[in-house]
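Chains A and B, in that order, are what the protein sequence lines are. Its first residue numbered 1, the first sequence is counted upward by one per residue in my numbering. Its first residue numbered 463, the second sequence is counted upward by one per residue in my numbering.
Number of protein chains: 2
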Amino acid sequence: MERLTPLATAFLDAEDVDPRASLAIGSMAVFEGPAPSFDEFVDHIAGRLPLIPRYRQKLATAPLGLAAPAWVDDPGFDLRWHVRNTALPAPGGPDEIGRLMSRVMSRRMDRDRPLWEYWFCEGLADGRWGLLSKLHHSVADGVSGTDLYQLVLDPTPTPRPPVADDWAPAGPPSTSSAAAGAAWRLTTAPLTIARAALGSLAHPRRLARTSRDTARGLLTMLPALRPVDRTSLMGPLEGSRRYAWTDVSLDDVRTVRQRHGVTVNDVALAAVSGGFRQLLMSRGEEPVAHALRSLVPVSTRAPGAESIVDNRVSLMLPWLPVEVADPVERLLAVRDRIRELRAGHEPEAGGSMTAAAGLAPFAPVSWGIRLGLRLPQRHVATVTTNVPGPRTTLYALGREAVAMLPYVPIADRVRIGVAMFSYRDTLTFGITGDYDTAPDLQVLADGISTSLAELLSTRTGA
Amino acid sequence: MERLTPLATAFLDAEDVDPRASLAIGSMAVFEGPAPSFDEFVDHIAGRLPLIPRYRQKLATAPLGLAAPAWVDDPGFDLRWHVRNTALPAPGGPDEIGRLMSRVMSRRMDRDRPLWEYWFCEGLADGRWGLLSKLHHSVADGVSGTDLYQLVLDPTPTPRPPVADDWAPAGPPSTSSAAAGAAWRLTTAPLTIARAALGSLAHPRRLARTSRDTARGLLTMLPALRPVDRTSLMGPLEGSRRYAWTDVSLDDVRTVRQRHGVTVNDVALAAVSGGFRQLLMSRGEEPVAHALRSLVPVSTRAPGAESIVDNRVSLMLPWLPVEVADPVERLLAVRDRIRELRAGHEPEAGGSMTAAAGLAPFAPVSWGIRLGLRLPQRHVATVTTNVPGPRTTLYALGREAVAMLPYVPIADRVRIGVAMFSYRDTLTFGITGDYDTAPDLQVLADGISTSLAELLSTRTGA
């Protein structure tokens, strides 16, 4: 029996506090047709399931809540509850994909079962098919987000052979074992004393519980941060979501990068800033300087050193320069702000976080969301995560993966979240929005692409 | 502003008590192709929406819960939140329809919006399409279940013209208005005093609240009822569902009816009894005499007088004779039990209930479920409802409706529910089951059909 970490527990608590939140992360992988049969797909997953023991474990809550929940084997595990098939209505394009993702992702996961779902999806345009993977944050904390790669994907068209499976569910934990864990909450008690010093935090209990995490340094300087200005991007959420995305060419991003001596990440953030600027203006709002602070895990690799394998990721909270009208000036503003944050190491935090490189698409997304949830929401408006993904083609049952669309959940008062993920030569921005207050996500999506196009058409660097 | 009836409120309470219950009723109507476009369908609904004001109203909860919730106009009403499109994966057959229905129906409705959803569904086999209508019980109490007929269906291939719409949402209720309703709970207080006399009821508060309903007589004799025997049909539920159904020919049912001098309802209940007998035996359980008590709204029309329009419906709680092996003897046992209940008027109750005739498919289903929820669950194992539906062909946007599949929710400890609905010359049994404990719904579905076939092949009446 393995207890949940305080961090994983915090995600459950966050859902308990907000009954309309669904803290699952996800991604839709799009594959060339013809689709395999659903039975064939289920067999494929079954053959690799032993690689991720957590996928056959569910939550066990300790008596009286005295100990952290634990992962225990699910004796009633039913693979076909977790792996589901569905289809898109015609034409199976972006609108239909977005609706499926927002519906599936906004539904809370069943706490009585292992906290993952795969939705095998037929009917995408051009004969393609998709796989929507949904994973609760409390699982992602242990699985490190590599599930999709272990269970589904291959680096070549020939699938790896299935692995041997001698799984037999272990019995439930004994009472004494549960009692032995009862000291868990007590060990966090000193931290609750410290919380008074942290100022007016929105969720002190949640923060206290999770502050033993690697990024704890971030919390100590939060009260010094300037709150975001009031815009329509922040406010109460309801339970339904919308999803949109846009793709840009990584070659185009690199062209802009070289022309202006910035990083790939700078270009991406400048495009996101331009998109939010468009969105605010289309809503008749002023794109003010402090409208939008983004939570950005950034690789600490120096520009030009990107071929060096280095897994260190820093977390920064830059203001996005939505107030800057000129595309190039906006890009340089992003660059300068990131540089300042790097140089000052303030409010940078969590620099010691280490990501699994290359094939770990979710880990930084997950970190970003976790931090976002722990931050008092007056400080962060949008979670933007930048995940460098695989550059070579991946396959599922011999079918080529042509796109990967990342999904981040939103909660509390953050009405729009943006996730970035790169695959081969494409950088994809996945945008999650509150259904009622963000009906215009496409304005943001188009604005991101337009901003990059503007940068690309600018011949002169600054 | 209109307050919810105590009955409608009781459905909300029932969901609050059991976080995994979803108390929506539903039906899937299957139409000949070609499917209209989704936009065309949405326009069709929009043109008739004024016919059901409740569909643009949402719940408003009174301060401190002192008054019953009220229906108020939803100023943010968004038709496309309620009318959704989806598709079935290939081959779009019974399995795929069943999975869609169980997934959609088991998801709780959003309490912050009008409590209905229509799922426009492409990809049914043979070029057909479907409409899954989902309606919360607390709405059904006011809408009388005729929504589908008002909003979607026509008696001829030519759709009725749209109606004028001058809807403008009324403002929220004033505080004084809310306070004026605060006496609501107080008026029910005398009933709570009476509850001690009712014996060991499972949900006294819920019962007390709803006992002003027309069927209150039923409650007074409940303690005298024998509890059902322990079988796998009763027990804890989790949140996921399964759905299956089977069709039989109404002509076949009538043939059996005439041969044995029984009613259509007797034949249907005998088939259900035979199906449950098969199910229990296939599970290695004894089909004991008191395994299964069904809650049956039965027309009080006398046999042979069925052409006389008479809307009176009685509610009975017969034991289903699952212990009887011979099909004909089983049928006659059903007949005798119903006759006894009719003759004794005990434990019959609610005889004064009046249903909207003909085109009101949901009303009796709804009554059945409501009673089922109010009954201490040791008394009722399965809700079986018998709804005589339309005999003539109906159309949606000029497309012929070829089938109608009813869905009843299950809750508390009832693991399988059966709903019956007739359309044209077909009687359809819709079966809802708990996902984990009822993986074998098809055994029940096949058993129902087999039981009727056995009766049909029996040449000699008793």
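Quick reminder that beta carbons are idealized off the backbone N, C-alpha and C, glycines included.
Simplified DSSP state of residue i, which is helix, strand or coil
i	result
B:S694	coil
B:P871	coil
B:T548	strand
A:P190	Residue placement at A:P190 is poorly supported in this model, since its pLDDT is 29, which falls under 50; the coordinates still yield a value, given next. In this structure, A:P190 counts as helix in the three-state DSSP scheme.
A:S37	coil
B:D505	helix
A:E285	coil
A:V163	coil
B:V790	helix
A:R3	strand
A:T210	At A:T210 the pLDDT is 33, less than 50, meaning the model places this residue with poor confidence and gives no usable figure here.
A:H290	coil
A:D252	helix
B:R510	coil
B:F883	strand
A:L237	coil
B:V492	strand
B:V796	helix
B:G630	Checking the displayed sequence, the identity of residue 630 of chain B turns out to be Ala instead of Gly. Residue state, collapsed to three classes: coil.
A:A453	helix
B:R575	coil
B:V905	helix
A:V139	helix
B:R877	coil
A:R259	helix
Sequence-distant residues of its chain with Cβ nearer than 6 Å to residue i (five each side left out)
i	result
B:W533	E464, Q519
A:F77	R56
B:A641	Caution is warranted here: a pLDDT of 43 is assigned to B:A641, below 50, making its placement in the model unreliable, and the coordinate value is therefore given only provisionally. Contacts found: none.
A:A170	D73
A:Y395	D154, P157
B:G604	At B:G604, the pLDDT of 46 sits below 50, so the modelled position is not reliable and the matter cannot be decided from this model.
B:L613	I507, R510
A:R254	none
A:E286	none
B:F500	N547, F582
A:E329	none
A:V474	Absent from the model: residue 474 of chain A. The displayed extent of chain A is 1 to 462, so no value can be given.
Bounding residues of the beta strand (DSSP E) (the contiguous stretch that carries residue i)
i	result
A:T246	241-249
A:T432	426-434
A:I52	No beta strand (DSSP E) contains A:I52, which DSSP labels as neither H nor E.
7 Å CB neighbourhood of residue i in its chain, flanking five on each side removed
i	result
B:L793	H722, V724, D728, V729, A732, L917
B:A900	R704, R877, I878
A:I333	Just to set this straight, residue 333 of chain A is Ala in the shown sequence, not Ile. Hits under 7 Å: P321, V324.
A:A87	C121, E122, G123
Opening and closing residue of the alpha helix (DSSP H) in which residue i lies
i	result
A:D266	264-282
A:S106	94-106
B:S484	Where B:S484 is concerned, there is no enclosing alpha helix (DSSP H), given that its DSSP letter is neither H nor E.
A:L131	That residue, A:L131, is in no alpha helix (DSSP H); its beta strand (DSSP E) goes 129-136.
A:E323	It is not in any alpha helix (DSSP H) - A:E323 carries neither H nor E in the DSSP assignment.
A:A68	It is not in any alpha helix (DSSP H) - A:A68 carries neither H nor E in the DSSP assignment.
Cβ neighbours of residue i in the same chain (closer than 8 Å, five flanking residues each side left out)
i	result
A:H82	Y55, R113, P114, W116, E117, Y118
Contact set between the stretch 535-562 of chain B and chain A, restricted to residues whose Cβ is under 9 Å from the partner: Within the stretch 535-562 of chain B, the qualifying residues are G538, D540, W543, R546, N547, T548, A549, L550, P551, A552, G554, E558, R561, L562.
Taking 8 Å as the threshold, find out whether the stretch 393-401 of chain A comes into contact with the stretch 413-420 of chain A through three or more Cβ pairs. No contact exists between the stretch 393-401 of chain A and the stretch 413-420 of chain A.
What residues in the stretch 20-40 of chain A bring their beta carbon closer than 8 Å to a beta carbon of chain B? Contacts with chain B (Cβ-Cβ distance below 8 Å) from the stretch 20-40 of chain A involve F38, listed in chain order.
Flag this pair as touching only if the stretch 74-93 of chain A and the stretch 107-126 of chain A have three or more C-beta atom pairs under 8 Å; answer yes or no. Contact between the stretch 74-93 of chain A and the stretch 107-126 of chain A is present, with at least three C-beta pairs closer than 8 Å.
Members of the stretch 240-264 of chain A near chain B, C-beta cut-off 9 Å: The stretch 240-264 of chain A vs chain B, Cβ under 9 Å: S240.
Are there three or more Cβ pairs, one per stretch, closer than 8 Å when the stretch 474-485 of chain B is compared with the stretch 499-508 of chain B? No: fewer than three Cβ pairs fall under 8 Å.
Segment contact flag, the stretch 508-516 of chain B with the stretch 620-628 of chain B, C-beta cutoff 8 Å, min 3 pairs: Yes, the stretch 508-516 of chain B is in contact with the stretch 620-628 of chain B.
Which of the residues in the stretch 41-63 of chain A, read from start to end, lie with their CB under 9 Å from any CB of chain B? Of all residues in the stretch 41-63 of chain A, none has a Cβ within less than 9 Å of some Cβ in chain B.
Would you call the stretch 247-259 of chain A in contact with the stretch 99-117 of chain A, where contact means no fewer than 3 C-beta pairs closer than 8 Å? Contact between the stretch 247-259 of chain A and the stretch 99-117 of chain A is absent: fewer than three C-beta pairs spanning the two stretches fall below 8 Å.
Members of the stretch 561-584 of chain B that neighbour chain A once the beta carbon cut-off is set at 7 Å: Against chain A - using a Cβ distance shorter than 7 Å - the residues of the stretch 561-584 of chain B are R569, D572, D574, E584.
Looking at chain A, which residues of the stretch 688-701 of chain B have a Cβ within less than 7 Å of any of its Cβ atoms? Answer set for the stretch 688-701 of chain B: E700, G701.
Under 8 Å (Cβ pairs) to chain A, residues found in the stretch 870-902 of chain B: The stretch 870-902 of chain B vs chain A, Cβ under 8 Å: Y897, D898.
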